[in-house]
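A.B. asks:
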Amino acid sequence: MQVTTLGEALYPSPLRYFVSDSLRLAERIIQRPDEKMTDNIAFELAGPREKLFFDAKNTRAGIVTCGGLSPGLNDVIRSLFLELHHAYGVSHVYGFQGGYRGLDPHLGKEPLLLTPELVDDVHKKGGTFLGTSRGPVDTAVAVQNLIDKQINILFVVGGDGTQRGGYELYKEAKRQNYPLAVVGVPKTIDNDIPFVSQTFGYLTAIEEAAKALDRAHVEARCVNNGISLVKLMGRNAGFIAAGATLASQEVNFILVPEVPFKLEGPNGFLAALKKRIQDRGHALVVVAEGAGQELLQNNTQLKDASGNIILNDIGQYLSTRIKTFFEDEDIPVHLRYMDPSYLIRSTRANAVDSVLCDLFARNAVHAAMAGKTGLIIGKMHDKYIHVPSELLASRKRVMETDGMLWHGVLASTGQPASFY
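Heads up: the sequence shown runs through residues 1 to 420, numbered per UniProt numbering.
(1) Any idea if residue 302 is buried or exposed, counting beta-carbon neighbours within 10 angstroms, 16 or more meaning buried?
(2) By DSSP's criteria, residue 334 is part of a beta bridge. Which residues make up the other side?
(3) Got a sec, what are the start and stop residues for the alpha helix (DSSP H) residue 218 sits in?
(4) Measuring CA to CA, which of 295, 2, 291 and 356 is closest to residue 399?
(5) Mapping the DSSP letters down to three states, classify residue 112 as helix, strand or coil.
(6) What residues match up with residue 26 in a beta bridge as DSSP calls it?
(7) Which whole-angstrom value describes the C-beta separation of residue 128 and residue 193, a residue pair presumed to lie in contact below a C-beta threshold of 8 Å?
(8) Rounded to the nearest angstrom, what separates residue 196 and residue 158 at their Cα positions?
(9) Mind checking which residues open and close the alpha helix (DSSP H) that includes residue 324?
(10) What are the start and end residues of the beta strand (DSSP E) that includes residue 92?
(11) Which class does residue 3 belong to by DSSP, given the choice of helix, strand or coil?
(12) Of the residues 240, 213, 239 and 235, which one's Cα is nearest the Cα of residue 227?
(13) Comparing C-alpha positions only, which one of 10, 258 and 33 sits nearest to residue 397?
(14) Flag this pair as yes or no: are the beta carbons of residue 253 and residue 4 separated by less than 9 Å?
(15) What are the start and end residues of the alpha helix (DSSP H) that includes residue 355?
(16) For residue 282, which of helix, strand or coil comes out of DSSP?
(17) For the alpha helix (DSSP H) that residue 154 lies in, which residues bound it at each end?
(18) Taking 9 Å as the threshold (C-beta atoms), are residue 93 and residue 85 in contact?
(19) Taking all protein chains shown into account, do 16 or more other C-beta atoms lie within 10 angstroms of the C-beta of residue 189, making it buried, or fewer, making it exposed?
(20) Thinking residue 57 and residue 12 are a contact (beta carbons under 8 Å), I'd like their distance in whole angstroms, please.
(21) With respect to the alpha helix (DSSP H) encompassing residue 243, which residues constitute its N-terminal and C-terminal limits?
(22) Rounded to the nearest angstrom, what separates residue 106 and residue 220 at their Cα positions?
(23) Are the CB atoms of residue 405 and residue 246 nearer to each other than 9 Å?
(24) If you drop the 5 nearest sequence neighbours on each side, which residues of the same chain put their C-beta closer than 6 Å to that of residue 122?
(25) Which one or two residues does DSSP pair with residue 373 in a beta bridge?
(26) Assuming residue 419 and residue 262 form a contact by the criterion Cβ under 8 Å, report the distance between their Cβ atoms to the nearest whole angstrom.
(27) What do you reckon, are the CB atoms on residue 43 and residue 9 nearer than 9 Å?
(28) Need the endpoints of the beta strand (DSSP E) that residue 77 sits in, please.
(29) Using the rule of at least 16 other Cβ atoms within 10 Å of the residue's Cβ for burial, across every protein chain shown, is residue 186 buried or exposed?
(30) Determine the closest residue to residue 387 out of 402, 355, 407 and 363, with distance taken between C-alpha atoms.
(31) Within 10 Å of its beta-carbon, does residue 132 have 16 or more other beta-carbons around it, so buried, or fewer, so exposed?
(32) Please confirm if the stretch 331-340 is in contact with the stretch 227-238, defined as three or more CB-CB distances below 8 Å between the two stretches.
(33) According to DSSP, residue 386 sits in a beta bridge with which residue or residues?
(34) Mind checking whether the beta-carbon of residue 7 lies closer than 8 Å to any heavy atom of the ligand ZN?
(35) Is the beta carbon of residue 343 closer than 9 Å to that of residue 317?
(36) When burial is assigned at 16 or more other CB atoms within 10 Å of the CB, is residue 109 buried or exposed?
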């Protein structure tokens, strides 16, 4: 897989260890003895290069954070700055405020000149001190603004929509014949970006969600026929719901986007929930926000500012259906509905995610200083790689329902493989 470079790298790196441009990591490393992997993608390994495209003393870099919050955003900003400032000697690093809006001088605030003092303790706080927003920006205006400010490198921190925007900025800079390195740091709390085995913030989200589930379990078991229904994040993939379920070990039912389900009928979810209440007197139910959308008849396909389809609220829908079902069955229940999503995503990163943020950020700096552009930093087989941004649109990452994670969920909850 070829990564675009801005030109020949001529400047010696101040670092002491390097990764060769010729090294590749295969997407698939496990195969049968008689299998020929003709469709196996080989990615360029990330890491510092011996020669740099940019002369550090004459280089200006910018950082922008976009989309929804995720634990670790401030950690990424801080590590990007510190690697540029201390390791490479880049003296001008700017933080564009308010997401992509900040790249348009008519819409956003003036960028902040980052300093060691400014970023000193930002990693101890949740959110992003640069601010964020959803939605695109006029790429021609944004690139002209970067040219006017003599920005040579732009780090784009965000999810797949943000990275699509970064790819458009890369193409516009190329059209204007301006040597701009656009490097993405993938951010999604849902852990569903392709070619990234684990995104920063995911493990923190699991940890915080598991705490919420433990408390929801207490609410359910302390009353007669108590049901706690908890909605967690996961538009297209159930990684957070599944991970939190395994971490908590208290969940009885979990509903995720990857596994369609029915509510009615002898094999439906409501019948299983009824049996659980009759047998045990309480239940804890987890639903990912993207689960069961087919039940809500969402035919409008309206999209938010980031281009994501606006989901109907499966949590409120399930809450209503559960109440109605048990009323019709003449079984009194105490139903508690909870949605801790915003509390989870706004917390600071835990120690494991903080380390992950640092490694993503430093590898992004190495790529940019070497003149690589139009890419994001990926992670596969515990190695960091360069993934061309255009490749993100070719694939979706979802949880494998025949894999170990989902198998563990079924074993933990004891629920059937499907509600059909």
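Glycine included, every Cβ here is placed at the ideal spot set by N, Cα and C.
In this text, all values refer to a predicted model and were calculated from it rather than measured experimentally.
C.D. replies: Looking at the atomic coordinates:
(1) Counted from its first residue, the sequence shown places residue 302 at position 302. With fewer than 16 Cβ atoms within 10 Å of its Cβ, residue 302 is classed as exposed.
(2) Within the sequence shown, the letter at position 334 stands for residue 334. Bridge partners of residue 334: 226.
(3) Looking up residue 218 in the sequence shown gives position 218. First-last of the alpha helix (DSSP H) with residue 218: 202-221.
(4) Locating residue 399 in the sequence shown gives position 399, where the first residue counts as 1. Among 295, 2, 291 and 356, the Cα nearest to that of residue 399 is on 291.
(5) Stepping through the sequence shown from its first residue, residue 112 is reached at position 112. Note: residue 112 maps to strand in three-state DSSP.
(6) Numbered from 1 along the sequence shown, position 26 holds the residue referred to as residue 26. DSSP output for residue 26 lists 42 as bridge partner(s).
(7) Taking the first residue of the sequence shown as 1, we reach residue 128 at position 128. Taking the first residue of the sequence shown as 1, we reach residue 193 at position 193. Not quite, the Cβ-Cβ distance comes to about 18 Å (not below 8 Å), so this is no contact.
(8) Translated into positions along the sequence shown, residue 196 becomes position 196. Translated into positions along the sequence shown, residue 158 becomes position 158. Cα-Cα distance, rounded: 13 Å.
(9) The residue you call residue 324 lines up with position 324 of the sequence shown. Per DSSP, residue 324 belongs to the alpha helix (DSSP H) from 314-328.
(10) Residue numbering aside, residue 92 sits at position 92 when the sequence shown is read from its first letter. Taken as a continuous stretch (DSSP letters only), the beta strand (DSSP E) holding residue 92 covers 92-96.
(11) Your numbering for residue 3 matches position 3 in the sequence shown. In this structure, residue 3 counts as coil in the three-state DSSP scheme.
(12) In the sequence shown, the residue the question calls residue 227 occupies position 227. Measuring from the Cα of residue 227, the nearest candidate turns out to be 213.
(13) On the sequence shown, position 397 is the one that residue 397 refers to. Checked all of 10, 258 and 33; the closest Cα to residue 397 is 258.
(14) Sequence index remark: in the sequence shown, residue 253 carries index 253 (1-based). Sequence index remark: in the sequence shown, residue 4 carries index 4 (1-based). Cβ atoms of residue 253 and residue 4: not closer than 9 Å.
(15) Within the sequence shown, residue 355 is the residue found at index 355, counting from 1. Segment 351-369, the alpha helix (DSSP H) holding residue 355.
(16) If you number the sequence shown from 1, residue 282 lands on position 282. Three-state result, residue 282: strand.
(17) Along the sequence shown, read from residue 1 onward, the residue named residue 154 stands at position 154. First-last for residue 154: 153-158, but that is the beta strand (DSSP E), not the alpha helix (DSSP H).
(18) Here residue 85 corresponds to residue number 85 of the sequence shown, with the count starting at 1. Here residue 93 corresponds to residue number 93 of the sequence shown, with the count starting at 1. Cβ atoms of residue 85 and residue 93: closer than 9 Å.
(19) Locating residue 189 in the sequence shown gives position 189, where the first residue counts as 1. The residue in question, residue 189, is buried, as its Cβ has 16 or more Cβ neighbours within 10 Å.
(20) For the purposes of this step, residue 57 is identified with residue 57 of the sequence shown, where counting begins at 1. For the purposes of this step, residue 12 is identified with residue 12 of the sequence shown, where counting begins at 1. Actually they are not in contact, since the Cβ atoms of residue 57 and residue 12 sit about 13 Å apart, beyond 8 Å.
(21) As a position in the sequence shown, residue 243 is number 243, starting the count at 1. That run of the alpha helix (DSSP H) goes 239-248.
(22) Along the sequence shown, one-based indexing puts residue 106 at 106. Along the sequence shown, one-based indexing puts residue 220 at 220. Distance between the alpha carbons of residue 106 and residue 220 is about 52 Å.
(23) As a working note, residue 405 is residue 405 in the sequence shown. As a working note, residue 246 is residue 246 in the sequence shown. Taking 9 Å as the Cβ cut-off, residue 405 and residue 246 qualify as a contacting pair.
(24) Locating residue 122 in the sequence shown gives position 122, counting from the first residue. Excluding positions up to five away in sequence, the list reads 74, 78 and 129.
(25) In the sequence shown, residue 373 corresponds to position 373, counting from 1. Beta-bridge pairing links residue 373 to 4.
(26) Residue 419 sits at position 419 when you count from the first residue of the sequence shown. Residue 262 sits at position 262 when you count from the first residue of the sequence shown. With a Cβ gap of about 6 Å, residue 419 and residue 262 count as contacting.
(27) As a working note, residue 43 is residue 43 in the sequence shown. As a working note, residue 9 is residue 9 in the sequence shown. No, they are not a contact pair.
(28) Within the sequence shown, residue 77 is the residue found at index 77, counting from 1. First-last for residue 77: 73-82, but that is the alpha helix (DSSP H), not the beta strand (DSSP E).
(29) Taking the first residue of the sequence shown as 1, we reach residue 186 at position 186. Answer is buried; the Cβ neighbour count reaches 16.
(30) As a working mapping, residue 387 is identified with position 387 in the sequence shown. Out of 402, 355, 407 and 363, 363 has the C-alpha closest to the C-alpha of residue 387.
(31) On the sequence shown, residue 132 is found 132 positions in, with the first residue counted as 1. Result: buried.
(32) yes
(33) The residue you call residue 386 lines up with position 386 of the sequence shown. Note: residue 386 sits in a beta bridge opposite 44 and 377.
(34) Among the components of this structure there are no ligands whatsoever, and the ligand ZN is therefore not found.
(35) The residue you call residue 317 lines up with position 317 of the sequence shown. The residue you call residue 343 lines up with position 343 of the sequence shown. Contact: no.
(36) Walking along the sequence shown from the start, residue 109 turns up at place 109. Classification for residue 109: exposed.
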